[in-house]
Every structure is written in C-alpha cells, then in structure tokens.
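K.L.:
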Amino acid sequence: MPAPAAPIISSVQKLVLYETRARYFLVGSNHAETKYRVLKIDRTEPRDLVIIDDKHVYTQQELRELLGRLDLGNRTKMGQKGSSGLSRAVSAFGIVGFVRFLEGYYIVLITKRRKMADIGGHAIYKIEDTNMIYIPNDSVRVTHPDEARYLRIFQNVDLSSNFYFSYSYDLSHSLQYNLTVLRMPSEILKSETTQTRQESFDIFEDEGLMAQGGSGIFGICSEPYTKYVWNADLMGVIKNTVHHNWLLYIIHGFCGQSKLLIYGRPVYVTLIARRSSKFAGTRFLKRGANSEGDVANEVETEQILYDASVMSFTAGSYSSYVQVRGSVPLYWSQDISTMMPKPPITLDQADPFAHIAALHFDQMLQRFGSPIIILNLVKEREKRKHERILSEELVAAVTYLNQFLPPEHAIIYIPWDMAKYTKSKSYNVLDRLNVIAESVVKKTGFFVNRPDSYCSILRPDEKWKELGGSVVSTSRLQTGVLRTNCVDCLDRTNTAQFMVGKCALAYQLYSLGLIDKPNLQFDTDAVRLFEELYEDHGDTLSLQYGGSQLVHRVKTYRKIAPWTQHSKDIMQTLSRYYSNAFSDADRQDSINLFLGVFQPAEGKPHLWELPTDFYLHHKNTMRLAQTRRSYTYWWTPGVIDHLPMPYDEVSSPENRKKLRVKRFHRYEEEIDIHNEFFRPYELSSFDDTFCLAMTSSARDFMPKNVGIDPSPFTVRKPDETGKSVLGNKSNREEAVLQRKTAASAPPPPSEEAVSSSSEDDSGTDREDEGSVSQRSTPVKMSDAGDNAKMMENVAQPLKDVYGINLSDVPSEDDHSIYARFVQLGQRHHKQDRGSQQLGPRYSDGVKKLTHISTFSQDNIYEAQPPKVDRKSIEIFHAHIQASRGIMQPLGKEDVLIYREYIRNRYM
Numbered sequence: 001m002p003a004p005a006a007p008i009i010s011s012v013q014k015l016v017l018y019e020t021r022a023r024y025f026l027v028g029s030n031h032a033e034t035k036y037r038v039l040k041i042d043r044t045e046p047r048d049l050v051i052i053d054d055k056h057v058y059t060q061q062e063l064r065e066l067l068g069r070l071d072l073g074n075r076t077k078m079g080q081k082g083s084s085g086l087s088r089a090v091s092a093f094g095i096v097g098f099v100r101f102l103e104g105y106y107i108v109l110i111t112k113r114r115k116m117a118d119i120g121g122h123a124i125y126k127i128e129d130t131n132m133i134y135i136p137n138d139s140v141r142v143t144h145p146d147e148a149r150y151l152r153i154f155q156n157v158d159l160s161s162n163f164y165f166s167y168s169y170d171l172s173h174s175l176q177y178n179l180t181v182l183r184m185p186s187e188i189l190k191s192e193t194t195q196t197r198q199e200s201f202d203i204f205e206d207e208g209l210m211a212q213g214g215s216g217i218f219g220i221c222s223e224p225y226t227k228y229v230w231n232a233d234l235m236g237v238i239k240n241t242v243h244h245n246w247l248l249y250i251i252h253g254f255c256g257q258s259k260l261l262i263y264g265r266p267v268y269v270t271l272i273a274r275r276s277s278k279f280a281g282t283r284f285l286k287r288g289a290n291s292e293g294d295v296a297n298e299v300e301t302e303q304i305l306y307d308a309s310v311m312s313f314t315a316g317s318y319s320s321y322v323q324v325r326g327s328v329p330l331y332w333s334q335d336i337s338t339m340m341p342k343p344p345i346t347l348d349q350a351d352p353f354a355h356i357a358a359l360h361f362d363q364m365l366q367r368f369g370s371p372i373i374i375l376n377l378v379k380e381r382e383k384r385k386h387e388r389i390l391s392e393e394l395v396a397a398v399t400y401l402n403q404f405l406p407p408e409h410a411i412i413y414i415p416w417d418m419a420k421y422t423k424s425k426s427y428n429v430l431d432r433l434n435v436i437a438e439s440v441v442k443k444t445g446f447f448v449n450r451p452d453s454y455c456s457i458l459r460p461d462e463k464w465k466e467l468g469g470s471v472v473s474t475s476r477l478q479t480g481v482l483r484t485n486c487v488d489c490l491d492r493t494n495t496a497q498f499m500v501g502k503c504a505l506a507y508q509l510y511s512l513g514l515i516d517k518p519n520l521q522f523d524t525d526a527v528r529l530f531e532e533l534y535e536d537h538g539d540t541l542s543l544q545y546g547g548s549q550l551v552h553r554v555k556t557y558r559k560i561a562p563w564t565q566h567s568k569d570i571m572q573t574l575s576r577y578y579s580n581a582f583s584d585a586d587r588q589d590s591i592n593l594f595l596g597v598f599q600p601a602e603g604k605p606h607l608w609e610l611p612t613d614f615y616l617h618h619k620n621t622m623r624l625a626q627t628r629r630s631y632t633y634w635w636t637p638g639v640i641d642h643l644p645m646p647y648d649e650v651s652s653p654e655n656r657k658k659l660r661v662k663r664f665h666r667y668e669e670e671i672d673i674h675n676e677f678f679r680p681y682e683l684s685s686f687d688d689t690f691c692l693a694m695t696s697s698a699r700d701f702m703p704k705n706v707g708i709d710p711s712p713f714t715v716r717k718p719d720e721t722g723k724s725v726l727g728n729k730s731n732r733e734e735a736v737l738q739r740k741t742a743a744s745a746p747p748p749p750s751e752e753a754v755s756s757s758s759e760d761d762s763g764t765d766r767e768d769e770g771s772v773s774q775r776s777t778p779v780k781m782s783d784a785g786d787n788a789k790m791m792e793n794v795a796q797p798l799k800d801v802y803g804i805n806l807s808d809v810p811s812e813d814d815h816s817i818y819a820r821f822v823q824l825g826q827r828h829h830k831q832d833r834g835s836q837q838l839g840p841r842y843s844d845g846v847k848k849l850t851h852i853s854t855f856s857q858d859n860i861y862e863a864q865p866p867k868v869d870r871k872s873i874e875i876f877h878a879h880i881q882a883s884r885g886i887m888q889p890l891g892k893e894d895v896l897i898y899r900e901y902i903r904n905r906y907m
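Quick note: the sequence shown, position 148, residue 148 per full-length UniProt numbering, numbers continuous.
(1) Under 9 Å between the Cβ atoms of Ser590 and Phe154?
(2) Could you give the residue range of the alpha helix (DSSP H) that holds Asp536?
(3) Count the other C-beta atoms from every protein chain shown that fall within 10 angstroms of the C-beta of Ser424, then say buried if there are 16 or more, exposed otherwise.
(4) Who does Trp332 pair with in a DSSP beta bridge?
(5) Under a three-way DSSP split, which group does Cys489 fall into?
(6) Would you report the Cα separation of Gln554 and Leu533, rounded to the nearest angstrom?
(7) State whether the stretch 156-171 contacts the stretch 245-252, with contact taken as three or more CB pairs (one from each stretch) at a distance under 8 Å.
(8) Taking 9 Å as the cut-off, decide whether the C-beta atoms of Ile356 and Ala280 are in contact.
(9) I believe Gly326 touches Cys489 by the beta-carbon criterion, under 8 Å. Please report the beta-carbon distance rounded to the nearest angstrom.
(10) Near Lys227, which residues of its chain fall below 7 Å by C-beta distance, leaving aside the five closest residues on each side in sequence?
(11) Quick one: is Ala693 buried, meaning 16 or more other Cβ sit within 10 Å of its Cβ, or exposed?
(12) Given this structure, state the Cα-to-Cα distance separating Pro7 from Ile220, to the nearest angstrom.
(13) Our contact map puts Gly121 next to Ile457 with C-beta atoms below 8 Å; I'd like the distance itself, whole angstroms only.
(14) Along the chain, where does the alpha helix (DSSP H) containing Asn178 start, and where does it finish?
(15) Which residue wins for smallest C-alpha separation from Gln323, given the options Arg287, Leu683 and Thr484?
(16) Please go through the same chain and pick out, in chain order, the residues whose beta-carbon is closer than 7 Å to the beta-carbon of Asp42, but skip the five residues on each side of it.
(17) Beta-carbon separation of Leu285 and Val639 under 9 Å?
(18) So what does DSSP say about Gln323, is it helix, strand or coil?
(19) Just the C-alpha distance for Tyr631 and Glu535, rounded to the nearest angstrom, thanks.
(20) Need the endpoints of the beta strand (DSSP E) that Thr111 sits in, please.
(21) So for Met132, helix, strand or coil by DSSP?
(22) Which full runs of the beta strand (DSSP E) of 3+ residues lie inside the stretch 629-706, going along the chain?
(23) How about Cys691 and Ala308: are their beta carbons less than 9 Å apart?
(24) To the nearest angstrom, how far is the alpha carbon of Asp765 from that of Arg587?
(25) Which of the three DSSP states is assigned to Pro266 in this structure?
(26) Just confirm the distance between the C-beta atoms of Asn376 and Pro415, as a whole number of angstroms; I'd bet it's less than 8 Å.
(27) Could you check where the alpha helix (DSSP H) with Asp170 kicks off and where it finishes?
(28) Using DSSP's beta-bridge definition, name the partner residues of Ser91.
(29) Determine the extent of the alpha helix (DSSP H) in which Phe165 is found, giving its start and end residues.
(30) Can you pull the DSSP bridge partners for His122?
(31) In angstroms with no decimal places, state the Cα-to-Cα distance between Ser872 and Phe313.
(32) For residue 909 and Arg114, which I take to be in contact (beta-carbon distance under 8 Å), what is that distance rounded to the nearest angstrom?
(33) Put His243 into one of helix, strand or coil per three-state DSSP.
(34) In this structure, does DSSP put Asp894 in helix, strand or coil?
(35) With the cut-off set at 9 Å, would you say Leu109 and Asn131 are in Cβ contact?
(36) Are there 16 or more other CB atoms within 10 angstroms of the CB of Thr479, so buried, or fewer, so exposed?
Now the structure itself:
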C-alpha cells in the first residue's frame with residue numbers, strides 16, 4: 001500500500017527578536033516550543049542585508065544556553081556607555097519580509113493575528129498588526145532626506161486589512177490542487193519502475209527514510225503560486241539563503257467561514273478570495289490588461305465545503321468550486337482628468353491578433369483546464385457607445401483565438417446585458433442567472449475528494465447525470481472555470497458569482513450526501529448564510545478596488561431591498577466617486593512600492609515624480625522581444641495535450657520540481673495536524689474556541705421558537721427587510737421579539753384581578769409578563785370549572801412557546817425521577833436532607849454517593865462507571881477506526897437492509 005502524504009506544518013510560528021549593538025537574533029519556534037531555529041542579522045552594514053541562517057535545530061535547553069552566552073559576551077565593561085548584554089526587542093508570529101528604500105533594510109514582522117477559518121484542522125489567520133524595524137545601528141546609519149517619505153508611502157498599505165496566511169495550508173492554490181499534490185508521491189511510487197524511480201526522487205529530501213519504507217508519511221510543501229502572493233518581492237532577498245520554514249507567504253483579498261448545522265452535523269462553508277498581485281491597483285488607474293496578460297482586479301474566489309465532524313484530508317469529505325473575476329483582457333483605459341462620473345472608454349492599442357487576450361487565456365488554461373467560460377455582463381445596447389466598445393473587441397478576440405483551439409476545448413462566450421434586464425419589469429434577473437449558473441456548473445463540474453455515494457447510483461438525479469468535469473476512481477475534479485466580468489467587476493459581477501456559487505453549493509451538498517436533490521431555494525437558512533458570506537466578500541473586494549462597499553446587492557436584484565437601502569446606495573456611490581477622484585493616486589503609489597513594481601534608487605526619478613506608471617506595469621514595452629509568440633499556436637507547449645485537465649495539476653517533471661517532499665515518521669510534529677489543532681500542551685478554554693465563535697446557521701439565522709422545522713433547507717417567509725420574521729442576529733431585536741411573543745400570549749386570570757391596581761405602574765412593568773405575575777395575588781378557585789379554565793389559559797401559551805402540552809397528573813415514574821433529582825440537589829448542602837423530607841417512599845433506589853474526601857468544602861463524590869456491553873464497545877472502536885480512514889466492510893445483512901430502505905422510501 002503506498003505511503004500516505006500530509007502537508008508540512010511550519011516549525012516557525014512564534015518569533016522573538018533579540019537585539020545587541022552589532023546584531024539582531026531572530027529566534028523562531030513551533031507552537032509547542034520544542035524546536036527552535038535562529039537567524040543572525042548583521043546591523044553593522046549600512047545598506048546591505050547580511051543574514052546567516054543557523055541550520056541547527058535547537059532544543060529549549062540548548063537555546064537557553066545560547067542566549068546566555070550571547071548575553072554574557074555582549075556585556076560592556078563598567079563605565080562604558082551603551083546598552084549591555086542581550087535585550088528582547090519584540091515578539092511576533094511571522095516575517096512579512098525585508099524592504100529597502102534609499103537607506104538600509106527594514107524587517108516587517110507580524111505582531112498580532114486572528115484566526116479566520118479552519119480547513120481540515122489547518123488554521124488560516126488574518127494579520128491584525130505589524131511592526132516595521134530598521135535594521136542598521138544608528139552609529140552606521142547613512143541618512144537620506146527622502147527616506148521618510150518613502151516609508152510613509154509604504155506604510156499606506158494597511159497590512160491589518162484583509163491579508164491572510166497559514167502555517168500549513170497553501171493559500172495561493174485551490175483545495176483541488178493541494179489535495180491532488182498529496183497523491184503525487186504515492187502515484188510515483190506505484191506507477192514508476194525502479195530505474196526511473198531513482199531518477200525522479202530528486203524532489204525527496206531524505207532518501208534514507210524513503211528506502212526504509214514502513215509506516216512513514218510523506219510530508220509535502222509546494223511552491224506558492226506567485227501571482228496571488230503579495231509579499232513575494234519582500235521575501236525574494238532571503239528566499240535562497242534561509243530555511244523554507246522562515247518563509248511565510250501572505251495573500252490579499254477575503255476569507256470568511258460559517259457553520260451550517262444540519263440536524264447537529266457541522267458543515268463548514270468557507271469563502272476565500274485571492275487578489276492577483278500582478279497589474280494590481282485601484283479602479284480607474286488600472287483597467288484592462290498589461291503586456292504580460294495580467295488583468296486588473298483579477299480575483300480568484302473559491303468556496304470550500306467540508307464535514308467538520310472528521311478532521312482529516314485523507315478520511316474527511318471535502319468539496320470546492322472556483323470561479324474568477326477580472327477586467328476585460330484588452331488594452332483599454334479611462335481618462336479621469338475630466339472629473340466625470342463615467343469617463344469615456346478608449347482602446348489604447350490595436351491588437352488584431354489578440355496577443356494580450358491569448359496570454360491571459362493561456363494562463364487560465366494552465367491553471368484551470370478547459371472549458372474557459374466567459375460571462376460578459378457589459379451593456380450591449382446604448383444610445384452612445386460606451387461599454388459596448390469592450391464587448392465588440394472581446395468578441396473579435398475570442399473568435400480569433402477559437403480558430404486554432406480544438407472544438408471540444410474552445411472558449412465559451414456568454415454575453416448578457418444584466419443592466420437591461422434589471423430595468424425591465426417583465427424579466428427576473430436572478431431567474432435568468434440561475435439558468436446560466438446551471439449550464440456553467442454542468443460544464444465545469446466541481447471538486448469532491450471522494451467517490452460518488454452509493455445512494456446516487458441507486459436513485460440517480462437527472463442533473464447529476466449531465467454533470468461535467470473529470471471523474472476519477474477516488475474523486476471528482478473541476479476542469480475549466482467561469483470568468484465573469486462587467487466594466488468594474490464589482491456589483492453585477494458579485495451578484496452573478498453568488499448565483500453560480502449558490503448553484504454549485506447545491507451540487508456540493510448533494511455530493512456529500514447532505515440533501516436529496518441538488519437544488520437550493522432562497523429564504524432558507526443555508527442560502528441566507530451563504531448570501532451573507534458573499535456580500536461580505538463583495539464589500540471587501542469593492543473597498544479594495546473601488547473605494548466603497550457594494551452599491552447593488554443581491555436583495556437589490558431580488559427587488560426586496562428596503563427603502564433605506566436606496567439612501568445607502570447613494571452614499572456608497574458618492575464615497576466611491578470621492579475615493580476615485582482624490583485618494584486613488586496615493587493608494588496606487590503605495591501598491592506599486594509594496595509589490596516592488598517601483599524600486600527606489602539613487603539617480604532615478606522618485607515615485608511621486610513619475611507622470612505615469614504605465615512603463616512600470618508594461619515592462620515588455622521597454623525592450624525588444626527576443627522571441628515572438630506564434631499568432632496561431634498561442635498556448636504554452638504541453639497545455640493542449642492534457643486538456644481538459646489543468647496542466648499545473650498533472651504529474652509532470654516540471655510540476656514535481658515545484659514540490660518539496662520529505663519522509664517523516666508517523667507521529668512527528670511537522671505532520672501531526674491533530675496536536676497542531678487541539679494543542680494538548682497548552683491550557684485553553686472551550687468557550688473561546690474558534691468553532692463556537694464563528695457564524696452559525698442555527699444560532700444566527702434559524703428562528704428561535706422550537707416548534708419550527710430545524711432544517712437549514714426549509715423555506716422561511718421573509719418580511720419587508722428580506723430577513724426571516726423570527727431569525728434576527730441582533731441581541732436587541734431578539735429581546736424585542738421575545739417580549740412580543742410573551743405579550744401575544746393570553747393573560748392569566750391573576751392579571752385580570754390586579755389590572756385595576758396596576759394601571760398606575762410604569763409602562764416597563766406592564767410590558768414584562770413575569771413582573772405582573774410576581775406582584776399579582778393568588779385567586780381562589782371555587783369550582784372545577786374555574787380550574788379547568790385556568791389550566792386551558794396557561795397551557796395555550798406553553799404550547800406556543802415550548803411546543804408541548806402539560807398533562808393534568810404526572811405519572812408515577814415522573815414523580816420518582818423528580819424526587820431523585822431533588823434529593824441529589826439537596827445533597828449538595830446536606831446529605832440526608834432529601835431522604836428526610838421526601839420520606840422512605842422516594843428514598844428507595846436512589847444512588848448512594850460516597851465522599852472522596854473528608855473535607856467539608858469538597859463536593860466531589862465517587863461514582864461507579866456504567867457497564868457497557870461488548871457490542872457497544874465494538875461499535876465505538878469501529879467509529880474511531882473510521883475517523884482514521886480505516887472503514888469496516890459492510891456485511892451482507894447491512895446491504896440488504898439499506899436496499900430495502902431505499903426501495904420502500906424512494907421507489
């Protein structure tokens with residue numbers, strides 16, 4: 001059996017920066033603080049960065065001895081000025097990178113983080129705060145008058161705003177890629193012969209362990225996809241000189257996670273958006289594409305769904321779906337010098353052979369495979385040509401490129417004027433988008449890491465038969481991707497992506513066996529949870545690119561948005577216009593400096609002196625091309641051979657070179673995700689765990705009364721605001737709702753008796769039903785009729801609130817259970833009090849509890865563990881084995897019972 005594989009967990013998660021006059025010592029450790037690494041940073045060089053990585057892995061005792069020697073060796077003599085010994089400068093959680101302007105280098109450290117999501121036990125963190133420290137000592141510092149201005153521009157990029165990282169999960173790649181990579185070592189071992197195997201094992205770091213075989217596990221760490229890494233330039237100066245555990249890659253965009261409770265079964269819904277670092281910038285300053293095929297506002301959005309009851313990439317159930325947004329891949333721009341709300345669109349260069357579009361779609365074929373589906377939401381009918389210029393040019397480019405692709409892998413172009421449909425009263429925008437979404441998901445498929453369920457074979461769904469993608473023996477793979485765009489790729493694009501994501505979510509839930517049909521309806525808890533995630537996602541991306549939140553939301557296109565939403569839309573429009581007119585230029589300079597697009601140097605013009613940054617983003621225009629790409633064979637060699645599979649996920653020699661594989665023993669810390677997630681070595685509070693703090697469908701979306709259907713797929717009637725009548729997130733609204741529920745119940749007779757005396761009380765007291773009942777006087781019941789009438793009035797609100805009816809006389813068993821409960825409660829104060837008050841009738845059969853200690857304040861009792869039969873123990877052991885991926889074979893009787901159940905239920 002091939003050895004399993006697991007992601008390598010970085011052993012540098014906690015950092016402490018120590019300082020002497022001549023050096024900085026950066027000490028990094030894993031979270032358990034059992035392994036330590038040390039970086040030595042020289043402070044005597046005014047401009048150069050000199051870093052020495054001590055390759056040794058220290059224990060805690062060895063590190064103490066090392067720091068003690070450093071402290072003793074750096075103490076100054078008596079009477080000399082300056083600091084003595086080794087001082088602690090700052091604590092951190094990771095290195096963002098190193099940057100230099102016109103003086104020496106700075107180090108940027110992550111000093112505060114917050115957990116945002118969890119994918120199979122792999123934590124994803126958001127940067128909350130950073131610290132930027134100047135490395136050279138003041139005694140050797142060579143000052144420059146413009147250094148402070150560059151520093152201020154660099155710090156305008158707020159690293160505490162939507163930057164994310166992980167110590168064990170590669171955020172720059174999709175879940176499909178990350179789980180596909182985990183199968184590569186096993187495929188190599190299984191498929192290749194011994195002779196070729198030795199040639200291909202140059203990716204393995206430890207051939208000794210590899211040769212031993214046995215119970216080892218492959219630890220895998222892949223090279224990040226630099227397009228979505230925002231600190232690649234900051235890490236470039238140390239990438240080849242330090243151990244890879246020091247390298248922490250961050251992405252920019254959005255990350256959100258919510259819990260979908262399906263009858264108590266936790267299913268985590270995660271949304272991750274990766275913003276491209278190529279041709280990045282603000283709304284009007286970055287349009288179209290650059291000379292390398294990178295487009296503005298390119299964002300890859302991935303929705304991940306997995307069953308959180310099993311935390312393992314090998315034994316758990318995971319599913320994902322990826323879609324992309326980005327500007328129209330042409331040379332175009334808008335002139336903002338006229339200060340108009342909608343500046344005119346101009347095509348900057350003629351591109352008759354669609355060279356730029358070819359570069360862009362070549363990248364997409366490599367990463368996603370085929371088919372590439374373009375959903376173009378740009379206006380088609382206009383009184384004056386504005387957006388239609390882009391549509392006409394894009395159609396010509398796609399038509400030209402499709403001439404040379406095989407017909408089965410051609411680029412699919414779907415034009416749809418969404419603005420026109422929105423203004424029409426006879427058309428429903430979301431119904432049309434739902435039809436498009438169904439056709440798209442059927443063509444691309446989606447990723448799920450397990451084979452189809454047996455129930456899908458017994459009672460197949462019609463939609464399921466038409467589903468595309470690639471089906472292998474152990475999983476389904478998404479092949480191809482939907483690329484959505486309007487002019488800005490903000491409001492219309494976000495709604496279209498939500499509808500496609502909602503359709504894909506239904507298929508994902510169906511594939512995991514959580515719903516019986518791949519269909520989800522609006523006004524259900526599941527869709528409202530998903531809609532809130534997508535709106536947060538859209539607001540975040542819109543703020544980053546356009547300077548304001550979304551103007552038009554899903555509720556706007558459903559035409560159920562309240563009137564107050566219109567005033568908010570006007571304010572967002574004004575905010576976006578102000579940001580584009582006055583602050584976007586400064587933000588663009590900050591992004592150019594942060595990403596290394598512009599690098600300050602002596603003798604070069606300063607960043608603020610450049611009339612345009614066109615030549616910074618179009619570097620190919622500054623030099624003659626050495627090799628000209630073919631006008632007909634416009635794709636990278638080898639891409640077409642593997643379609644519809646993406647070339648990046650194929651087990652080829654080029655892709656294997658991007659992996660670092662090392663053989664570990666089974667319980668080593670670098671691959672032990674159980675200890676990394678649960679952290680048994682530290683004291684933690686259960687109430688503070690991330691799984692309780694995240695948004696939950698049962699707590700935040702489901703109505704609060706018990707009598708309703710608790711399923712998150714039940715349609716609930718919306719009110720005028722578009723929310724459920726009973727399901728509100730605000731605590732204040734919940735309190736008002738509870739008061740209204742209590743007020744709607746019929747008043748008890750005691751309230752009628754005191755109504756005349758309580759008229760002078762405050763309104764607050766009259767609203768509180770509990771206060772009325774407490775201050776009311778008991779009423780004598782003269783006959784059985786009054787008693788029955790009172791019980792009817794009391795039982796009715798109990799039925800409304802609790803969903804149960806109280807019987808007249810409790811049963812004998814209920815009396816006995818209640819007596820035991822009372823006696824146990826009274827034993828808390830006095831052991832024999834309960835038996836004396838209740839009498840011998842109820843004291844028989846009560847479990848005798850024995851004090852463990854003779855101390856009077858000790859309330860802990862000794863209890864005998866319950867006896868468990870052998871069959872229950874076997875079931876429990878089988879459950880534990882299933883969590884480790886070892887499934888028990890189904891018996892013949894189990895299969896017959898299941899088939900009989902399916903036949904009676906569905907056939």
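Note that CB positions come from ideal geometry on N, CA and C, so glycine has one too.
P.N.:
The short version:
(1) yes
(2) Asp525 to Gly546
(3) Per the 10 Å Cβ criterion, exposed.
(4) Leu347
(5) coil
(6) What sits at residue 554 in the sequence shown is Val, not Gln. Answer to the nearest angstrom: the Cα atoms are 12 Å apart.
(7) At 8 Å Cβ cutoff, the stretches touch.
(8) no
(9) The pair is a contact, with the Cβ atoms about 6 Å apart (cut-off 8 Å).
(10) Ser276, Ser277 and Lys278
(11) exposed
(12) 5 Å
(13) Not confirmed; about 31 Å, so no contact.
(14) Leu175 to Val181
(15) With distances taken between Cα atoms, Gln323 lies closest to Thr484.
(16) Arg23 and Val50
(17) no
(18) strand
(19) 41 Å
(20) Counting along the chain, the beta strand (DSSP E) containing Thr111 begins and ends at Tyr105 to Ile119.
(21) Residue state, collapsed to three classes: strand.
(22) 659-664
(23) A contact, by the Cβ cut-off of 9 Å.
(24) Any answer about Asp765 is weak, because its pLDDT of 36 lies below 50 and its placement is not dependable; what the coordinates show is given next. Rounded to the nearest angstrom, the two C-alpha atoms are 55 Å apart.
(25) strand
(26) The C-beta distance from Asn376 to Pro415 rounds to 5 Å, short enough to fall under 8 Å.
(27) Here Asp170 belongs to no alpha helix (DSSP H), and DSSP marks it neither H nor E.
(28) Val16
(29) Phe165: not part of any alpha helix (DSSP H); member of the beta strand (DSSP E) spanning Phe163 to Phe165, first to last residue.
(30) According to DSSP, which records beta bridges pairwise, His122 is partnered with Ile119.
(31) 28 Å
(32) This structure cannot speak to residue 909, because the chain is shown only from 1 to 907.
(33) coil
(34) Asp894: helix per DSSP, three-state reduction.
(35) yes
(36) buried
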